[in-house]
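These notes concern the structure reproduced below.
Numbering (the working numbering), first residue to last: 205 to 471.
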């Protein structure tokens, strides 16, 4: 399966990559030898960020789609010619024993929504599957999940638990994840998904020592140029460049251990 990009796609990939680059270079001062990325889809934002850092280590990429990983392997080796790309074709929870104990960076862009809806539907969704029919089907599925409170609770607890196991059992230098609002939000079509996603994302965020004040300071720059209309309309500064949509910090081991024990009793 081949992913075709238009100019807007390439520009957006570069832009989000610049945000990750800005956070990594300011928050992690050691040599980056090992990176783990979760659920990239048919996108290369993380690779674009690592390119800016002249990354020449090993990156483990976790995705349940073999088509995605075939694309990622080819694209990442093109963008990061001096890096070693290892693809793990497993679900997130099945991959934990396949990644190293010591990880410099754990990175993931906009993956929480995919983890939740894939669990609920038992099907695989990624950014290649974006035709209008599937898009509408997904909105219907999110509405159905929203009204199924027991499933919402069960799935979000399970997703958070996987991250707790990861954070507890691995030595991670820095965690950076984003969950900014998609176009569905700005079109007024995401009412049913936002509450679920935000709750799950924030439950993961509290497992880290993310300093929102610092993150907002670091994200207060203009990759497209200060006069770009997207900043004036607050599309970027209130969304992709707002700390409330980012996790960027070290693991809080005390909270992880305490909450992990409590969550296991709940499950």
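Heads up, the beta-carbon is just placed ideally off N, CA and C, and yes, glycines get one too.
Name the two residues that bound the continuous alpha helix (DSSP H) containing residue i.
{"i": "residue 253", "result": "249-256"}
{"i": "residue 236", "result": "That residue, residue 236, is in no alpha helix (DSSP H); it is neither H nor E in DSSP."}
{"i": "residue 263", "result": "From DSSP, residue 263 is part of no alpha helix (DSSP H) but of the beta strand (DSSP E) over 262-266."}
What did DSSP end up calling residue i once you bin it into helix, strand or coil?
{"i": "residue 221", "result": "helix"}
{"i": "residue 228", "result": "helix"}
{"i": "residue 276", "result": "helix"}
{"i": "residue 288", "result": "strand"}
{"i": "residue 462", "result": "helix"}
{"i": "residue 446", "result": "coil"}
{"i": "residue 270", "result": "helix"}
Applying the criterion that 16 or more other CB atoms from any shown protein chain within 10 Å of the CB defines a buried residue, is residue i buried or exposed?
{"i": "residue 351", "result": "exposed"}
{"i": "residue 165", "result": "An answer regarding residue 165 cannot be provided, because it is not within the stretch 205 to 471 covered by the chain."}
{"i": "residue 425", "result": "exposed"}
{"i": "residue 334", "result": "Residue confidence is low: residue 334 scores 48 on pLDDT, short of 50, so the model does not pin down where it sits. No coordinate-derived value is stated."}
{"i": "residue 399", "result": "exposed"}
{"i": "residue 244", "result": "buried"}
{"i": "residue 320", "result": "buried"}
{"i": "residue 313", "result": "buried"}
{"i": "residue 247", "result": "buried"}
{"i": "residue 337", "result": "At residue 337 the pLDDT is 49, less than 50, meaning the model places this residue with poor confidence and gives no usable figure here."}
{"i": "residue 236", "result": "buried"}
Which residues does DSSP pair with residue i in a beta bridge?
{"i": "residue 452", "result": "380"}
{"i": "residue 301", "result": "According to DSSP, residue 301 bridges with nothing at all."}
{"i": "residue 307", "result": "376"}
{"i": "residue 241", "result": "265, 311"}
> Where are the beta strand (DSSP E) runs, 3 residues long or more, that stay fully inside the region 312-386, in chain order?
Replying inline: 375-382
>> I'd like the ranges of any alpha helix (DSSP H) spanning at least 4 consecutive residues and lying wholly in the region 379-440.
In response: 387-390, 395-409, 416-422, 433-436
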